[in-house]
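Q: Quick one: structure below, then a few questions.
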Amino acid sequence: MARSSQEIIALFDQYVIPNYTRYPVALVRGDGPFIWDAEGKRYIDFFPGWGCNLFGHCPKPVVEALKSQVERLLHVPNSWYMEEQGLWAQALSERSFGGKAFFCNSGAEANEAAIKLVRLHAPKGKYKIITFLNSFHGRTMGAVSATGQEKYHHGLEPILPGFTYCEYGNLSAVESAIDDETAAIMLEPIQGEGGVNMPPAGFLEGLRKLCDERGLLLIFDEVQTGCGRTGEWFAYQHFGVTPDVMTLAKTICSGVAAGAMLVKQEYAADLKKGMHASTFGGNPIAASAGIATIKMVEEEGYLARAKEVEKRVKERMNKWKDELDIVAEVRGVGAMIGLELKIEGACFVQECMEHGLLINCTHGKVIRLLPAVNTPFEVFDEGLDILEAALKKGA
Ligand SMILES: Cc1ncc(COP(=O)(O)O)c(C=O)c1O
């Protein structure tokens, strides 16, 4: 018999480490932009899978590709070749900068691979990586050390040495921070968890130039922005600035756990044989979901659709900005939208949830939406009505 939310919560209380703040609801089933809890309540999900579920819940073409894959091959280790991984790497490479891929299982792991690549690539004595305040790169020791937010370091000290945090957008601060030991600059081209922060004009171009002049690798963490989320395959394509290394996860498999690092051809051999590995990385299940995801974006025209989502959602939000005192700014690209408030936003998440809408609040005051790109516009309207009512009420 199906358990109630309360019964499932009781299981967690007894057996699951309480390292997450969880809403007191158990989710049991999803379909496109909707998800249902154990009591049968339906929610519109504007933050499906914490930004992983690019097409919402259980998109049919991805589910079909998975079904067909699990009947043939679940897992083979990377001591063998497998067609699915090769085709997935080709698909990602052809849509980005023609590099080579290393596959893993999460965003943090992709960034760990990038940090190791930097150390393996750099001449002796160079190992430092410049990263940015309010960045987020994951929770493993290397990725969290790269993350420029002290709150994530508390209690973990000493963190991995070699990271210098600069103000995001401040090119001259980066220039001054480069020293003889600097090997790379790593950043999210659009900061996600830090509040959906857009790079100021010329910033990414300036970083590219600095890297070229000083022999540094430029790494873009596109874990949140990648694979069509912003209306281009990768966010860097909006700015015409190509990185040397790019890390991916979240959207690349529509919700199946996976991560990837793409590296320009000339640096690929720096990840030397035997120096890095992942048992599950690039497994046939992830690869088949990855290929199906790319096909779906292409066949359904979802890059253009993400741009339309941005237009429609921003139009509505900009009206709120004019009408409501508490709204400070509307930011974002494609289906990655931030609504900065002048007050704390957690109460609006709670209020919306009670009224059947799931959203996120990051960095205290930024309501963040990472909706499915194929959410029907009438569902967008319905969800935005709920959010508008919450904002008007002041929650
Ligand atoms: C930009 C960015 N990098 C890395 C990560 C970490 O990814 P994961 O949670 O899959 O390790 C995240 C997660 O939110 C992210 O947004």
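Using the numbering used here, the first residue of the sequence shown is number 522, and each one after it goes up by one.
From the three backbone atoms N, C-alpha and C, an ideal C-beta is built for every residue, glycine too.
Treat the numbers as computed from the prediction; the structure is a model and nothing was measured.
Kindly list the residues whose CB is nearer than 6 Å to the CB of Thr896, restricted to its own chain and excluding five residues on each side of it in sequence; keep chain order.
A: For Thr896, where only same-chain residues beyond five positions count, the Cβ hits under 6 Å are Pro554.
Q: For a test of your reading of the model: does the CB of Glu734 fall under 6 Å from any non-hydrogen atom of ligand 1? Yes or no.
A: Not so, every heavy atom of ligand 1 lies at least 6 Å from the Cβ.
Q: Three-state secondary structure (DSSP) at His578?
A: Note: His578 maps to strand in three-state DSSP.
Q: How do the segment 657-677 and the segment 730-738 stand: do at least 3 beta-carbon pairs fall below 8 Å, yes or no?
A: Because the criterion of three Cβ pairs below 8 Å is not met, the segment 657-677 and the segment 730-738 do not touch.
Q: For Trp754, does the count of other Cβ atoms within 10 angstroms reach 16, so buried, or fall short, so exposed?
A: It counts as buried.
Q: How many whole angstroms separate the CB atoms of Leu637 and His797, which I take to be in contact at a CB cut-off of 8 Å?
A: Rather than Leu, the amino acid found at residue 637 in this sequence is Lys. Going by Cβ atoms, the distance from Lys637 to His797 rounds to 6 Å, so yes, they are a contact pair.
Q: Tell me which residues share the same chain as Gly904 and place their Cβ nearer than 6 Å to its Cβ, disregarding the 5 neighbours each side in the sequence.
A: Closer than 6 Å at Cβ, skipping near neighbours: Ile565, Phe567, Leu878.
Q: Cβ of Trp609 within 7 Å of Cβ of Ile812?
A: Contact flag set, yes.
Q: Strictly by DSSP, which residues pair up with Leu739?
A: The partner list for Leu739 (beta bridge, DSSP) reads Ile706.
Q: With respect to the beta strand (DSSP E) encompassing Ala849, which residues constitute its N-terminal and C-terminal limits?
A: Per DSSP, Ala849 belongs to the beta strand (DSSP E) from 848-854.
Q: Give the DSSP-derived three-state secondary structure of Ala622 in the structure shown.
A: Note: Ala622 maps to strand in three-state DSSP.
Q: Report buried or exposed for Ile538, applying the criterion of at least 16 other Cβ atoms within 10 angstroms of its Cβ.
A: By the 10 Å Cβ count, Ile538 comes out exposed.
Q: For the alpha helix (DSSP H) containing Asn655, name the first residue and the last one.
A: Per DSSP, Asn655 belongs to no alpha helix (DSSP H) and is neither H nor E.
Q: I need the boundaries of the beta strand (DSSP E) containing Gly859, first residue and last residue.
A: Segment 857-862, the beta strand (DSSP E) holding Gly859.
Q: Going by DSSP, what residue range makes up the beta strand (DSSP E) through Gly669?
A: Careful: Gly669 lies outside any beta strand (DSSP E) and carries neither H nor E.
Q: Over what stretch of residues does the beta strand (DSSP E) that includes Cys882 continue unbroken?
A: 881-883 is the span of the beta strand (DSSP E), which, as asked, contains Cys882.
Q: Tell me whether the beta-carbon of Val744 lies closer than 7 Å to the beta-carbon of Thr768.
A: Yes; because the gap between Cβ atoms is below 7 Å, this pair is in contact.
Q: May I ask whether a heavy atom of ligand 1 can be found less than 6 Å away from the beta carbon of Gly570?
A: No; taking the cut-off as 6 Å, the Cβ of Gly570 has no heavy atom of ligand 1 nearer than that.
Q: Give the secondary structure of Ala789 by DSSP, where H, G and I count as helix, E and B as strand, and everything else as coil.
A: Ala789: helix per DSSP, three-state reduction.
Q: Compute every distance between the C-beta of His884 and the non-hydrogen atoms of ligand 3, then say whether any falls below 6 Å.
A: No copy of ligand 3 occurs in the structure displayed; its ligands are ligand 1 alone.
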